[in-house]
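Chains as they are written, first to last, in my numbering: chain H, -1 to 192; chain S, -1 to 192; chain B, -1 to 192; chain Y, -1 to 192.
A short write-up of the structure that comes next.
Number of protein chains: 4
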Amino acid sequence: MLPINEKKVDIRREQIKKAALKVFAAKGISGTKMSMIADEAGISQGLSYRYFKSKEELFTTLIQEALEESKSAMKNVPLLPGTPKEQIRIMTKTILDESNKLSFMLIQQANATSEGVPDNVKKMIEQYTSTNPIETLIPIVVKGQVIGEFCEGDPYQLLLFYFSLITGMMLQDLSSIECDIDYHVELLLKILTR
Amino acid sequence: MLPINEKKVDIRREQIKKAALKVFAAKGISGTKMSMIADEAGISQGLSYRYFKSKEELFTTLIQEALEESKSAMKNVPLLPGTPKEQIRIMTKTILDESNKLSFMLIQQANATSEGVPDNVKKMIEQYTSTNPIETLIPIVVKGQVIGEFCEGDPYQLLLFYFSLITGMMLQDLSSIECDIDYHVELLLKILTR
Amino acid sequence: MLPINEKKVDIRREQIKKAALKVFAAKGISGTKMSMIADEAGISQGLSYRYFKSKEELFTTLIQEALEESKSAMKNVPLLPGTPKEQIRIMTKTILDESNKLSFMLIQQANATSEGVPDNVKKMIEQYTSTNPIETLIPIVVKGQVIGEFCEGDPYQLLLFYFSLITGMMLQDLSSIECDIDYHVELLLKILTR
Amino acid sequence: MLPINEKKVDIRREQIKKAALKVFAAKGISGTKMSMIADEAGISQGLSYRYFKSKEELFTTLIQEALEESKSAMKNVPLLPGTPKEQIRIMTKTILDESNKLSFMLIQQANATSEGVPDNVKKMIEQYTSTNPIETLIPIVVKGQVIGEFCEGDPYQLLLFYFSLITGMMLQDLSSIECDIDYHVELLLKILTR
DNA sequence: AATGAATGAGGGTTCATTCAT
DNA sequence: TATGAATGAACCCTCATTCAT
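If you want it as structure tokens, here you go:
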């Protein structure tokens, strides 16, 4: 109907989401003021409210999409080439990639600074972290154990722990650790390998 | 000469600090309302202000003490019995112990949700994380490498990474991971060992 | 019945009133904290409440007594020796005397910083300033006019103005003007004289 | 280049300052609640903070401008027509004019109810009252004395006293005394004249 | 659609008042 | 009686949200 308008709307939405993601990820939901997001996006204070009903909705939207992304990323892992270890290596690098980092940090922020985090977000995340990404990867870990690449142990527990380390890593001072992702990934993989 | 009074004051201060630590660690400084701390401590809103000048001072005090504790814990590591690996194992367990967890999470919160964190706290932490705990442990790692217990690599970088994993771990949902600290410590140690 | 106790009670009341007068006169009712009065009186915070129901009552009491004093001082003027001018001179000096100053300033504070001033106090003062002290002095002014000592004009208006100058004077920086009361009184008298 | 915006901002600032002046002058700084100012200005509570950083800053601004105005008014006196007495008469009327009254009362409030008055304001006023307005008028008084219009006496002391009476006058209940400024000015002038 | 001024609910903090000792 | 710790209402100020332009 109004494809041009719709496009404009989408562009704006993306612009705002991008700015919001950056600020939310860095400062958490209660540490973020709408004016910060507006500044980051280079727009006026009130404009966000044409595209998102509230700060809360904006935050929820971002979380939702981050979880969505993560979920689909997980689904792709089995399709990756190489041995289980190589698959996990690629996945880990992807997660730690600059472009995805913010999304993961956002999720972590939602976990950590629970104040101000909408209840539905809490539920979404709880549900997600407890079940989703891990389930998909269990077969891969099992396979790694079978072929002797990975260490023994409950695959689910191993993965849970592995992810908690990854998310933990991302919360460290960004600038200092970024430098040598490859090296860190190798170290991380030692957790899973023999 | 006023041991009774001083004692009472100290008890209250500790009570408030304990409550504040719990809330700050969970929600960050800007996500924490003074009323939450009061509720957690079972006191009225105004009372905290007899013992701490402001929310900010309360937060700063907690950070200071957490850093102090951490620092002294690190100093004790070389005195622990056993091989380097055993020393690091004990230290890691200590850190992840329920009693110390909150302090570490507090520091992490100060790092992560920078908004609202007083500038002096930022400086304190920056100084601390960049230099202190790691330096003390370097000789231990080196020794571990010499006797073949630990893997090769720059000891400083290894430790930095090891700690980032530890702090990261502590930010995960407490209740879910607490269960099997010993197991997780063993997994963590794989990072350092051959 | 319990004259000893009653005496003690009265001493305490006076002690508190004296301190309160000093602070109220200097800072006004809303600028005065109960803790200031306690400090000034050298007692604990809560003690005033054994002797006065509230800050407001304490203030009201002081005002009442100040008005009372002033009223009776006025009544005495006709009994003073000398011509009308000499009578007014003595009265003026009395008012400006260190010992009475605070009471007058208190009244003035009640007039000036009306916020926080209880309504009944407002009424008391209004009633007082509009009628009381002046009425008593009118005959004296008239007599002064008759004998040619005082200038012409409505005695009531003259006195009203004269008193507004006196109270105004007292609000100036105390230390600087105190020095030469006699001189100032002579100048003031020029208002009334030919 | 933004004359429209700047104008709007200025109008609002003036509106708020006008309301604040009225309330501060009547009730002093600690007796004034920001909500009173907002009510007086017919705006919401929060709006003042777009134009003034704090209650204190608002107060300081008003004091500064009042002192400025007063200073420049004094500077103009020597340029007024007429004899010294006539010059002082005009000046006095100007000061007591409704429009200027509030400013003078504000200054007086700052002097009288020292509590809550910012330190810099205290300094500003101290400096001002000790030196400024009087110095400028000394030559006029001297001239008046020379031509026999004014009484003998130290001009500085005379002026100091004269102004203390003026400011004192302004602290009286406004409504009652306003009525006959001219008459009061003539009475006041008797202080200075033979 | 976009701006930024305006609103007002809510959080940090103070302080009059009460209460346990 | 006296203390001073404890309470909680109320004030200053911020900021999410709305509204006039």
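We put the beta carbon where it would ideally sit given N, CA and C, even for glycine.
Here the structure is a predicted model, which means the values were calculated and not measured.
The C-beta distance from H/Ser162 to S/Gly166 rounds to 7 Å, short enough to meet the 8 Å contact threshold. Rounded to whole angstroms, the gap between the alpha carbons of Y/Thr134 and Y/Glu63 is 19 Å. Judged by their CB atoms, S/Val139 and S/Leu156 are nearer to each other than the 9 Å cut-off. Proximity of chain B to Y/Met72 at the Cβ level (cut-off 7 Å) is not reached, the minimal Cβ distance being about 18 Å.
Against chain H, the CB of S/Asp178 has a partner CB under 9 Å away; the residue lies at that interface. For H/Asp152, no alpha helix (DSSP H) run applies, since DSSP gives it neither H nor E. In the same chain as B/Glu67, and ignoring 5 residues on each side of it, the C-beta atoms closer than 8 Å to its own belong to Asn98, Ser101, in chain order. Setting aside the 5 residues that flank it on each side, Y/Cys149 is surrounded in the same chain by Leu190, Thr191, Arg192, each with a C-beta closer than 7 Å to its C-beta; the list follows chain order.
In chain order, Tyr49 place their CB closer than 7 Å to the CB of B/Arg10, counting only its own chain and leaving out the 5 sequence neighbours on each side. Scanning its chain for C-beta atoms nearer than 7 Å, with the 5 sequence neighbours on each side dropped, one finds around B/Ala18 the residues Ile35, Leu56, Leu60, in chain order.
Residue pairing by DSSP puts S/Thr191 in a beta bridge opposite S/Phe148.
In terms of beta-carbon proximity, S/Ala24 lines the interface with chain H, with at least one pair separated by less than 9 Å. Between H/Pro82 and the set H/Gln143, H/Gly29, H/Leu94, H/Asp178, the nearest pair of CA atoms involves H/Gln143. Only residues of its own chain outside the window of five on either side were considered, and among them Phe102, Ile164 have a CB closer than 7 Å to the CB of B/Ile93, listed in chain order.
Within chain Y, the residues Val21, Ala24, Lys25, Gly26, Ser28, Gly29, Thr30, Lys31, Met34 have their CB atoms less than 9 Å from the CB of B/Glu113, given in chain order. Residues of the same chain with a CB within less than 6 Å of the CB of Y/Ile14, apart from the 5 flanking positions on each side, are Ala39, Ser46, Tyr49 in chain order.
For S/Asp95, the secondary structure class from DSSP, reduced to helix, strand or coil, is coil. Under the rule that a run must span 4 or more residues, the alpha helix (DSSP H) segments found entirely inside the region 5 to 61 of chain B read 32 to 39, 46 to 49. Y/Met32 and H/Ser33 have their C-alpha atoms some 24 Å from each other.
Of the other Cβ atoms in all chains shown, fewer than 16 fall within 10 Å of the Cβ of B/Leu77; this residue is therefore exposed. Residue nearest to B/Glu184 within the set B/Thr90, B/Ser70, B/Ile123 is B/Thr90 (criterion: CA-CA distance).
The three-state secondary structure of H/Pro82, taken from DSSP, is helix.
A Cβ-Cβ separation of about 15 Å leaves S/Val21 out of contact with S/Thr58 under the 8 Å criterion.
Interface annotation for the region 45 to 69 of chain S against chain H: empty, criterion Cβ-Cβ distance under 7 Å.
At least one C-beta of chain H is nearer than 9 Å to the C-beta of S/Ile189. Ranked by Cα distance from S/Gln125, the first of S/Ile105, S/His182, S/Thr30, S/Pro137 is S/Ile105. Nearest CB-CB separation between S/Tyr181 and chain H: below the 9 Å threshold.
A check of alpha carbon separations from H/His182 across H/Pro153, H/Gln107, H/Arg87 identifies H/Arg87 as the nearest. Near chain S, meaning a CB-to-CB distance below 7 Å, no residue of the region 71 to 98 of chain H qualifies.
Close to B/Leu100, with beta-carbon spacing below 8 Å, lies no residue of chain Y; the smallest spacing is near 13 Å.
Excluding five sequence positions before and after H/Val7, the CB atoms of its chain that fall closer than 8 Å to its own CB belong to Tyr49, given in chain order. A direct Cα-Cα distance of roughly 24 Å separates B/Asn109 from B/Asp152. Within chain H, the residues whose beta carbon sits less than 7 Å from that of S/Leu185 are Phe159, Ile189, listed in sequence order. DSSP, read as helix, strand or coil, puts H/Ser70 in helix. Note that the C-beta distance between B/Ser42 and Y/Gly26 is not below 9 Å.
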